[in-house]
Amino acid sequence: MFAKSKPKNVVGLDIGSHTVKVVEIKESPEGKELAGFALTEIAPGSSGGEDAGTEAIKRVMGESKIETDRVVTAVSGQSVIVRHIELPKMSREEAENAIKYEAEQHIPFDIKEVTLDFQILEHASDSKKMNVLLVAARNDLIDNHLKLIQSAGLKPAIIDVDSFALVNTLEAIKGERNKEETIALVNMGAKLTNINIVREGVSCFTRDISLAGNNLTEAIQNSLNLDPSQAEKLKKEEGEAGGDNEVSQALNPVLKDLVSELRLSFDYYENQALERTTNRILFSGGSARLKNLDKFLTQALGIPTEIWNFLDGLGINSDIDKETLTDAVPLLAVGIGLALRRVS
Ligand SMILES: Nc1ncnc2c1ncn2[C@@H]1O[C@H](COP(=O)(O)OP(=O)(O)OP(=O)(O)O)[C@@H](O)[C@H]1O
Ligand SMILES: [Mg+2]
């Protein structure tokens with residue numbers, strides 16, 4: 044009896060290619076509260092013979108002092124395919140049978156090698172049809188992901204998709220927001236940039252592009268003839284989008300590509316959505332910390348771009364150091380969305 048009424052904590056574990064983040068949310072009668080978090084970079088070379096990823100997960104769990112071993116995690120990238128498809132209106136049970144045949148037409152992998160899931164969305168263009176969000180993840184990706192979590196002594200409760208976690212962050216925390224708006228969530232990490240266009244709480248467009256922080260680092264590395272760790276350090280210390288110094292100049296070609304990729308996605312959405320435009324960009328991921336990148340995108344795309352502060356509407360445990368949290372915020376967007384999943 045007592046155990047049942049105890050508020051439940053859920054832990055989101057975002058295993059990126061560069062940084063591992065863990066977030067704990069407490070659901071209490073007063074609302075949702077950020078109970079704890081930690082992040083750690085994955086060492087380029089593994090230490091003590093243990094895989095660098097496993098070691099980083101153990102380290103981040105230790106630092107966060109989170110006690111539960113059940114975690115909500117996510118996969119992303121080219122082995123995860125997300126498609127919006129239209130089906131004739133049918134029940135969830137009927138859709139479960141139909142989805143495999145539909146998937147064969149939309150998924151570029153052998154259907155036997157993927158795990159499928161789907162969600163029936165509310166919005167449909169005509170009343171005889173329904174919009175369905177189809178997800179397929181390659182089994183080898185999921186297997187490796189499971190092995191990694193288990194090797195760190197943890198138990199996977201849910202495996203989600205990075206970009207869905209971002210939508211969950213947007214939806215689960217009731218911040219101030221105009222419901223009519225079309226919002227683009229852009230999460231720029233190290234290997235990938237997740238792009239998600241959301242209208243009325245529903246994701247209308249999802250794409251992961253392979254252009255992110257590593258490309259910025261490589262550009263500095265090649266242009267100034269440095270090793271990767273020197274280039275990475277200089278990027279953080281001297282890099283500025285649209286800046287004049289040598290380091291910043293080296294970033295220009297990558298930023299130009301980023302702008303084109305984003306514009307392509309927005310144009311695609313706008314054509315599909317009958318000329319509706321993207322009203323603003325909520326920008327997250329470690330690379331959103333590149334100096335002035337938000338202002339640069341605002342100017343280059345003509346769409347207001349802000350560093351996403353999703354903490355509005357979320358309680359913060361008094362033990363958490365505010366300055367450390369503010370610095371970490373852009374990196375926590377996926378982890379927060381994972382931790383906000385309900386686990387039964
Ligand atoms: N101050 C900064 N300026 C520029 N880039 C930064 C800064 N801080 C972190 N980064 C970059 O952010 C990236 C890490 O961000 P993040 O943790 O979101 O990525 P990830 O989730 O590990 O990667 P992915 O999801 O792409 O596999 C790295 O490329 C890092 O260089
Ligand atoms: Mg990431």
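Residues 44 to 387 in the working numbering are what the sequence shown spells out, letter by letter.
Using N, Cα and C, we set each Cβ at its ideal position, and we do this for glycine too.
These numbers come from a predicted model, not from an experiment.
With a Cβ-Cβ cutoff of 9 Å, do residue i and residue j count as a contact?
i           : j           : result
residue 172 : residue 145 : no
residue 371 : residue 212 : no
residue 227 : residue 321 : yes
residue 354 : residue 374 : no
residue 62  : residue 380 : no
residue 41  : residue 102 : Residue 41 is absent from the structure shown; the chain starts at 44 and stops at 387.
residue 335 : residue 284 : yes
residue 163 : residue 175 : yes
residue 184 : residue 122 : yes
residue 189 : residue 202 : yes
residue 378 : residue 79  : no
residue 192 : residue 58  : yes
Check the C-beta distance from residue i over to residue j and give it rounded, since I have them as a contact under 8 Å.
i           : j           : result
residue 343 : residue 302 : 5 Å
residue 350 : residue 331 : 6 Å
residue 290 : residue 281 : 4 Å
residue 263 : residue 279 : Contact flag wrong, Cβ pair sits at about 10 Å.
residue 293 : residue 267 : 6 Å
Could you tell me if the beta carbon of residue i falls within a distance shorter than 8 Å of some heavy atom in ligand 4?
i           : result
residue 233 : Among the ligands in the structure shown, ligand 4 does not appear; only ligand 1 and ligand 2 can be found there.
Once you ignore the five residues that flank residue i on each side, which residues in its own chain have a CB closer than 7 Å to its CB?
i           : result
residue 237 : 119, 205, 206, 209, 230 and 251
residue 73  : 358
residue 275 : 260
residue 157 : 150, 179, 180, 181 and 182
residue 81  : 65, 103, 106 and 107
residue 199 : 114, 116, 189 and 192
Work out the CA separation of residue j and residue i for me, nearest whole Å.
i           : j           : result
residue 234 : residue 181 : 18 Å
residue 224 : residue 319 : 10 Å
residue 153 : residue 147 : 8 Å
residue 95  : residue 60  : 10 Å
residue 106 : residue 100 : 10 Å
residue 136 : residue 143 : 12 Å
residue 149 : residue 159 : 12 Å
residue 30  : residue 257 : Missing from the structure shown is residue 30; the chain here goes from 44 to 387 and no further.
residue 246 : residue 312 : 11 Å
residue 113 : residue 352 : 27 Å
residue 170 : residue 385 : 31 Å
residue 66  : residue 362 : 14 Å
residue 53  : residue 365 : 21 Å
residue 338 : residue 300 : 16 Å
residue 222 : residue 242 : 8 Å
residue 86  : residue 272 : 11 Å
residue 161 : residue 197 : 26 Å
residue 314 : residue 298 : 24 Å
residue 140 : residue 131 : 13 Å
residue 296 : residue 306 : 15 Å
Could you name the residues of the same chain whose beta carbon sits closer than 6 Å to that of residue i, not counting the 5 residues immediately before and after it, in chain order?
i           : result
residue 215 : 383
residue 249 : 125, 206 and 239
residue 155 : none
residue 138 : none
residue 327 : 230, 351, 373 and 376
residue 287 : none
residue 348 : 324, 326, 337, 340 and 341
I'd like the list of long-range same chain contacts for residue i, defined as Cβ closer than 8 Å, with 5 residues on each side in sequence excluded.
i           : result
residue 270 : 264
residue 89  : Residue placement at residue 89 is flagged as unreliable, the pLDDT there being 48, under the threshold of 50; the coordinate-derived value follows with that caveat. Taken in chain order, the residues that qualify are 95 and 98.
residue 133 : 141 and 173
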